[in-house]
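Student: Residue numbers (the working numbering), protein chains in the order written: chain A, 672 to 977; chain B, 25 to 458. All C-beta atoms, glycine included, are put in the ideal place defined by N, C-alpha and C. After the structure tokens below, expect a handful of questions from me.
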Amino acid sequence: MLNKKDLLGIKELSLEEIILFLDTAAGFKDVIGRDIKKVPALRGKTAVNLFFEPSTRTRTSFELAAKRLSMDVINFSVPTSSVVKGEGLIDTALTVQALGADFIIIRHTSSGAPYLLAKHLKASVINAGDGTNEHPTQALLDAFTIIEKKGDIKGLEIAIVGDIAHSRVAKSNIYCLTKLGAKVRLIGPPTLIPDKIREMGVGVFHNMEEGLKNVDVLMMLRIQMERQGKGFFPSTDEYSRNWGLTSERLSLAGDNVIVMHPGPMNRGIEIVSEIADGPNSVILDQVTNGIAVRMAVMYLLSGVKR
Amino acid sequence: MKIAIKGGHIIDPSQAIDWIGDIFIDDGRIKDVRKQSAAFRSPGEEQSGGDDPEIRTIDAKDMFVLPGLIDMHVHLREPGFEYKETIQTGTLAAVKGGFTTVCCMPNTFPVNDNASVTEFIKRKASQEGHCMVFPIGAITKSQKGIELAEIGTMRDEGCIAFSDDGQPVMNSLIMRRALEYSKAFNVPIISHCEDTTLSEAGLMNEGLLSVTLGLRGIPAEAEQIMIFRDIVLAELTGGRLHIAHVSTEGSVSLIRSMKKRGANVTAETCPHYFSITEEAVKGYDTHAKVNPPLRTARDIEAIKEGLRDGTIDVIATDHAPHHRDEKLREFDMAPFGISGLETAVSLSLKLVDEGLLTMSQLVEKMATNPARIMQIERGAIKADTEASLVLVDKNKKYTVEAQKFVSKGKNTPFEGWTLKGMPVLTICRGKIYE
Numbered sequence: 672m673l674n675k676k677d678l679l680g681i682k683e684l685s686l687e688e689i690i691l692f693l694d695t696a697a698g699f700k701d702v703i704g705r706d707i708k709k710v711p712a713l714r715g716k717t718a719v720n721l722f723f724e725p726s727t728r729t730r731t732s733f734e735l736a737a738k739r740l741s742m743d744v745i746n747f748s749v750p751t752s753s754v755v756k757g758e759g760l761i762d763t764a765l766t767v768q769a770l771g772a773d774f775i776i777i778r779h780t781s782s783g784a785p786y787l788l789a790k791h792l793k794a795s796v797i798n799a800g801d802g803t804n805e806h807p808t809q810a811l812l813d814a815f816t817i818i819e820k821k822g823d824i825k826g827l828e829i830a831i832v833g834d835i836a837h838s839r840v841a842k843s844n845i846y847c848l849t850k851l852g853a854k855v856r857l858i859g860p861p862t863l864i865p866d867k868i869r870e871m872g873v874g875v876f877h878n879m880e881e882g883l884k885n886v887d888v889l890m891m892l893r894i895q896m897e898r899q900g901k902g903f904f905p906s907t908d909e910y911s912r913n914w915g916l917t918s919e920r921l922s923l924a925g926d927n928v929i930v931m932h933p934g935p936m937n938r939g940i941e942i943v944s945e946i947a948d949g950p951n952s953v954i955l956d957q958v959t960n961g962i963a964v965r966m967a968v969m970y971l972l973s974g975v976k977r
Numbered sequence: 025m026k027i028a029i030k031g032g033h034i035i036d037p038s039q040a041i042d043w044i045g046d047i048f049i050d051d052g053r054i055k056d057v058r059k060q061s062a063a064f065r066s067p068g069e070e071q072s073g074g075d076d077p078e079i080r081t082i083d084a085k086d087m088f089v090l091p092g093l094i095d096m097h098v099h100l101r102e103p104g105f106e107y108k109e110t111i112q113t114g115t116l117a118a119v120k121g122g123f124t125t126v127c128c129m130p131n132t133f134p135v136n137d138n139a140s141v142t143e144f145i146k147r148k149a150s151q152e153g154h155c156m157v158f159p160i161g162a163i164t165k166s167q168k169g170i171e172l173a174e175i176g177t178m179r180d181e182g183c184i185a186f187s188d189d190g191q192p193v194m195n196s197l198i199m200r201r202a203l204e205y206s207k208a209f210n211v212p213i214i215s216h217c218e219d220t221t222l223s224e225a226g227l228m229n230e231g232l233l234s235v236t237l238g239l240r241g242i243p244a245e246a247e248q249i250m251i252f253r254d255i256v257l258a259e260l261t262g263g264r265l266h267i268a269h270v271s272t273e274g275s276v277s278l279i280r281s282m283k284k285r286g287a288n289v290t291a292e293t294c295p296h297y298f299s300i301t302e303e304a305v306k307g308y309d310t311h312a313k314v315n316p317p318l319r320t321a322r323d324i325e326a327i328k329e330g331l332r333d334g335t336i337d338v339i340a341t342d343h344a345p346h347h348r349d350e351k352l353r354e355f356d357m358a359p360f361g362i363s364g365l366e367t368a369v370s371l372s373l374k375l376v377d378e379g380l381l382t383m384s385q386l387v388e389k390m391a392t393n394p395a396r397i398m399q400i401e402r403g404a405i406k407a408d409t410e411a412s413l414v415l416v417d418k419n420k421k422y423t424v425e426a427q428k429f430v431s432k433g434k435n436t437p438f439e440g441w442t443l444k445g446m447p448v449l450t451i452c453r454g455k456i457y458e
């Protein structure tokens, strides 16, 4: 069993723990493929989605995962809460815990916010994305999807393309994939890839064509429109021309390359529709697998014996 | 009251004192400072034999007896932020930490950018303060970096230096004017060197750790660019420049080479910049959130070398007390700052223990040089001056417990550290604090 109360980041996980999450998720993948998609594993427990940032897919995914484990789920939506009245994060979370939450699933704009809660709460804290730090369940579902499609991760050439500097998805994936033995390279403009990140054991390419060579897995990141006009790149048009994924560029990658995207996509900017909807795309598999992985995470953190 | 401090190791480089001796105090003033000699039984000792109830004899054996230390960079928070610290609590923390003089930065509310705020601080300090307080006035109105504040009027009211600490003057022309104008009043300009366009919204040192923690980095260059700018402006204008809280290797080498070519510049660092690295931020510990940020082991080595070779003239605390609730927050929302008055001496004594500085050199950094830079007649052990002294027990070990700080600010990254050497008794303005 897992000897942890919280899932804060992949950087704190051992290889064994990552494998335990992935193996457990495989079991739940079977469950959610059945006609009756629900198991009573965590009946009587309560999960609270504490989301301080807009999110549809992650919040829905956690909600469904909790429901399929037979939990009660509350969505704590920030604009209607006392947070707008100036309540601090710790007070909000303590209140939610006092209401009976066993799991607090937090998404927050501040890096480290889940760590702060984990220190002050008895409830399990699950990081659903904090600032530019980590998004651990996304990395686990990405790894799960890669294994599902490729059999194994060890030795694969995996490229992550886009705004690495501001991407918690990229960070969690770098930790997760390198721990699982993949060779990870990052592709994007130098303004969006911190130079020091090379010390995390990854390769860096600023030229998309060079970077795509022999790639087995291609992870495209969402380009946030707000970055435009902040000096990171002159225009989305120019970004797209240099680092957008087109069919022509995809042909430079390895045979049977799979294309991933954590969503939501900017079609026509970082990825063209023909690829997003094409045979190499596993984007919708990622969404489905997200539920299985999040079930596994909550199940293992609960400490319930099988 | 008469006091006799006997058998202590008295150190005051300004008076070339570095020997075992006795100090006699009467009515708050030093009457005599005398070298102890085994062959000579001093008449003072006979007069003040242990039985005289009029005289308090303090056995200072195995202790350093130092001039009351001068901290030229503190935030006392009053007026405006009394929930963080007051002049009363901040100065009590100072004397507990061995300081008998502090210079307080102007980022209060309202800002100390006019003589009435200066007057308020001086009056409060004389009524409620436990040590001498010299205010530092703002360079520009509201520290906005746009218009010069009334430097001359504030000087007349008691400001002894000028700084927009925390809100660096980004406009080079205004900084030039400040360095020029301040010459008329012979006051130093203290610069918090940070190019805020480069450090924009930064939270910690820029490096691999800031990447892995997902916290926006502040590159060392943000400090170095402004140090270079301000020193060349000081050269251009002939103004007196003091660089606050130096934190990087590059800053030390810049200041060293600019001093060599004759620039009229002095510099300070703080104990946290030679004691801990950015690693202290791990786990999102807001007590290690400070500006400039904690840097790397290489920077610590360079700062120590800068202290050793005299590039860095002063150790100040940048005492920045905050309320518990403000630090108990998301890392990016918590304010910058460390409550430093009550750990500074112990942390600095490590430099002596390591053989980097002599005790006499440490006193230079914490009393003699600040007095010279700020042009104040303090920080010396001299007959016929106010008795302003601190006794440091060099062997006393203790564990840092923030809850025991007398400062309202319990925000320290040194909680739980075992430190050796502490100020045990401070004499200031006729009172004994122990």
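Consult DSSP for Arg-977 of chain A and reduce its assignment to one of helix, strand or coil.
Tutor: Reading the first sequence from its first residue, position 306 is the one you call residue 977 of chain A. At Arg-977 of chain A the pLDDT is 38, less than 50, meaning the model places this residue with poor confidence; the figure from the coordinates comes in the next sentence. If DSSP states are grouped into helix, strand and coil, Arg-977 of chain A belongs with coil.
Student: Are Lys-108 of chain B and Gly-433 of chain B touching if we call contact CB-CB under 9 Å?
Tutor: Numbered from 1 along the second sequence, position 84 holds the residue referred to as residue 108 of chain B. Numbered from 1 along the second sequence, position 409 holds the residue referred to as residue 433 of chain B. Closer than 9 Å, so yes.
Student: Among the candidates A:Phe-876, A:Gly-800, A:Gly-925, whose CA atom is the shortest distance from the CA of Lys-821 of chain A?
Tutor: In the first sequence, counting from the first residue as 1, residue 821 of chain A sits at position 150. With distances taken between Cα atoms, Lys-821 of chain A lies closest to A:Gly-925.
Student: Give every residue of the same chain whose Cβ lies closer than 7 Å to the Cβ of Ala-246 of chain B, excluding the five residues on either side of it in the sequence, and list them in chain order.
Tutor: Start at 1 with the first residue of the second sequence, and residue 246 of chain B comes out as number 222. Contacts found: Glu-218, Asp-219, Leu-222, Ser-223.
Student: DSSP three-state call for Leu-686 of chain A: helix, strand or coil?
Tutor: Numbered from its first residue, the first sequence carries residue 686 of chain A at position 15. If DSSP states are grouped into helix, strand and coil, Leu-686 of chain A belongs with the helices.
Student: From Ala-426 of chain B to Ser-150 of chain B, what does the alpha carbon distance come to, in whole angstroms?
Tutor: Position 402 of the second sequence holds residue 426 of chain B. Position 126 of the second sequence holds residue 150 of chain B. Rounded to whole angstroms, Ala-426 of chain B to Ser-150 of chain B spans 27 Å at the Cα level.
Student: Could you pull out every unbroken alpha helix (DSSP H) segment of at least 4 residues lying fully inside the segment 841–928 of chain A, listed in chain order?
Tutor: The qualifying runs are 879–883, 907–914, 918–921.
Student: Taking CB distances under 9 Å as the criterion, tell me whether Glu-805 of chain A reaches chain B.
Tutor: Here residue 805 of chain A is taken as the residue at index 134 of the first sequence, counted from 1. Answer yes: the Cβ-Cβ gap between Glu-805 of chain A and chain B drops below 9 Å somewhere.
Student: Only counting the same chain, and skipping five residues up and downstream in sequence, which positions put a Cβ closer than 7 Å to that of Leu-381 of chain B?
Tutor: On the second sequence, position 357 is the one that residue 381 of chain B refers to. Closer than 7 Å at Cβ, skipping near neighbours: Leu-331, Arg-332, Leu-375.
Student: Comparing the C-beta of Lys-884 of chain A with each C-beta of chain B, is any distance below 9 Å?
Tutor: Working through the first sequence from its first residue, we reach residue 884 of chain A at position 213. Chain B, which has no Cβ nearer than 9 Å to the Cβ of Lys-884 of chain A, makes this no.
Student: If you follow the alpha helix (DSSP H) that Thr-731 of chain A is in, where does it begin and where does it stop?
Tutor: The residue you call residue 731 of chain A lines up with position 60 of the first sequence. Per DSSP, Thr-731 of chain A belongs to the alpha helix (DSSP H) from 728–739.
Student: Excluding the five sequence neighbours on either side, which residues of its own chain have a C-beta within less than 7 Å of the C-beta of Thr-272 of chain B, listed in chain order?
Tutor: For the purposes of this step, residue 272 of chain B is taken as residue 248 along the second sequence, with counting starting at 1. Here the set comprises Ala-244, Glu-247, Gln-248, Arg-319, Asp-323.
Student: Starting from Lys-328 of chain B, trace the alpha helix (DSSP H) in both directions and tell me its first and last residue.
Tutor: Locating residue 328 of chain B in the second sequence gives position 304, counting from the first residue. Unbroken alpha helix (DSSP H) run through Lys-328 of chain B: 321–332.
Student: For Arg-240 of chain B, is the classification buried or exposed, using 16 other Cβ atoms within 10 angstroms of its Cβ as the cut-off for buried?
Tutor: In the second sequence, residue 240 of chain B corresponds to position 216, counting from 1. Counting Cβ neighbours within 10 Å, Arg-240 of chain B comes out buried, since at least 16 surround it.
Student: Would Met-672 of chain A be called buried (16 or more neighbouring beta carbons within 10 Å of its own) or exposed?
Tutor: In the first sequence, counting from the first residue as 1, residue 672 of chain A sits at position 1. By the neighbour-count rule (16 or more Cβ atoms within 10 Å), Met-672 of chain A is not buried but exposed.
Student: Looking only at its own chain, which residues have a Cβ that is under 8 Å from the Cβ of Ile-41 of chain B, when we skip the five neighbours before and after it?
Tutor: Indexing the second sequence from 1 puts residue 41 of chain B at position 17. Excluding positions up to five away in sequence, the list reads Ile-34, Ile-35, Val-57, Ile-405.
Student: How big is the Cα-Cα spacing for Lys-26 of chain B and Arg-402 of chain B?
Tutor: If you number the second sequence from 1, residue 26 of chain B lands on position 2. If you number the second sequence from 1, residue 402 of chain B lands on position 378. Lys-26 of chain B and Arg-402 of chain B: Cα-Cα distance of roughly 21 Å.
Student: In the segment 302–324 of chain B, which residues sit with their C-beta less than 7 Å from some C-beta in chain A, listed in chain order?
Tutor: From the segment 302–324 of chain B, only Gly-307, Tyr-308 have a Cβ closer than 7 Å to chain A.
Student: Taking its Cβ as the centre, do 16 or more other Cβ atoms sit within 10 Å of Asp-349 of chain B, making it buried, or is it exposed?
Tutor: Sequence index remark: in the second sequence, residue 349 of chain B carries index 325 (1-based). When all chains shown are included, Asp-349 of chain B counts as exposed.
Student: Determine the DSSP secondary structure at Leu-765 of chain A, reduced to helix, strand or coil.
Tutor: To locate residue 765 of chain A, count along the first sequence from 1; it is residue 94. Note: Leu-765 of chain A maps to helix in three-state DSSP.
Student: What is the C-beta distance between Ser-187 of chain B and Ile-214 of chain B, in whole angstroms, given that I count them as a contact (C-beta under 8 Å)?
Tutor: Walking along the second sequence from the start, residue 187 of chain B turns up at place 163. Walking along the second sequence from the start, residue 214 of chain B turns up at place 190. Between Ile-214 of chain B and Ser-187 of chain B the Cβ distance is about 4 Å, and since that is below 8 Å, they are a contact.
Student: Of all the options B:Pro-134, B:Gly-169, B:Ser-166, B:Ala-117, which has the alpha carbon lying nearest to the alpha carbon of Met-156 of chain B?
Tutor: Against the second sequence, residue 156 of chain B aligns to sequence position 132. Nearest option by C-alpha distance: B:Ala-117.
Student: In chain B, what lies closer than 8 Å to Glu-870 of chain A by C-beta?
Tutor: For the purposes of this step, residue 870 of chain A is identified with residue 199 of the first sequence, where counting begins at 1. The contacting residues are Leu-232.
Student: In terms of alpha-carbon separation, which member of B:Tyr-205, B:Met-357, B:Asn-131, B:Ile-397 lies closest to Met-228 of chain B?
Tutor: Counted from its first residue, the second sequence places residue 228 of chain B at position 204. The shortest C-alpha separation from Met-228 of chain B is found at B:Met-357.
Student: Would you say Val-89 of chain B lies against chain A (beta-carbon separation less than 9 Å)?
Tutor: Position 65 of the second sequence, counting from 1, holds the residue named residue 89 of chain B. Val-89 of chain B does not count as touching chain A.
Student: Please name the residue in B:Ser-384, B:His-311, B:Pro-317 whose C-alpha comes closest to that of Gly-440 of chain B.
Tutor: Start at 1 with the first residue of the second sequence, and residue 440 of chain B comes out as number 416. Considering only alpha carbons, the answer is B:His-311.
Student: Can you list the residues of chain A that Arg-353 of chain B reaches, using a CB-CB cut of under 9 Å?
Tutor: Here residue 353 of chain B refers to the residue found at position 329 when the second sequence is read from its first residue. Per Cβ cutoff of 9 Å: Gly-759, Leu-760, Ile-761, Ser-781, Leu-787.
Student: Taking the beta strand (DSSP E) that His-779 of chain A belongs to, which residues open and close that run?
Tutor: Here residue 779 of chain A refers to the residue found at position 108 when the first sequence is read from its first residue. 774–779 is the extent of the beta strand (DSSP E) around His-779 of chain A.
Student: Output needed for Glu-458 of chain B: all residues of its chain with C-beta closer than 7 Å, excluding positions within five of it in sequence on either side, in chain order.
Tutor: If you number the second sequence from 1, residue 458 of chain B lands on position 434. Once the five neighbours on either side are set aside, the close Cβ partners of Glu-458 of chain B are Val-448, Leu-449.
Student: Under 9 Å between the Cβ atoms of Lys-306 of chain B and Lys-351 of chain B?
Tutor: Against the second sequence, residue 306 of chain B aligns to sequence position 282. Against the second sequence, residue 351 of chain B aligns to sequence position 327. No, the Cβ-Cβ distance between Lys-306 of chain B and Lys-351 of chain B is not below 9 Å.
Student: Would DSSP call Asn-960 of chain A helix, strand or coil?
Tutor: As a working mapping, residue 960 of chain A is identified with position 289 in the first sequence. In the structure shown, Asn-960 of chain A sits in a helix (DSSP, three-state: H, G or I).
Student: Show which residues of chain A have a CB atom less than 7 Å away from the CB atom of Thr-491 of chain B.
Tutor: In the structure as shown, chain B starts at 25 and stops at 458, and residue 491 of chain B therefore has no counterpart that could be examined.
Student: Where does Ala-789 of chain A fall in DSSP's three states?
Tutor: To locate residue 789 of chain A, count along the first sequence from 1; it is residue 118. Helix.
Student: In chain A, which residues lie with their C-beta within 7 Å of the C-beta of Met-357 of chain B?
Tutor: To locate residue 357 of chain B, count along the second sequence from 1; it is residue 333. Near Met-357 of chain B (Cβ distances below 7 Å), the residues of chain A are Ser-781.
Student: Given a threshold of 16 other Cβ atoms within 10 Å of its Cβ, counted over all protein chains shown, does Ser-72 of chain B qualify as buried or as exposed?
Tutor: For the purposes of this step, residue 72 of chain B is taken as the residue at position 48 of the second sequence. Any reading at Ser-72 of chain B is ruled out, since the residue's pLDDT is 47, under 50, leaving its predicted position unreliable.
Student: Do Ile-831 of chain A and Leu-1006 of chain A count as a contact pair if the criterion is CB distance below 9 Å?
Tutor: One cannot answer for residue 1006 of chain A here, as it falls past the ends of chain A, which runs 672 to 977.
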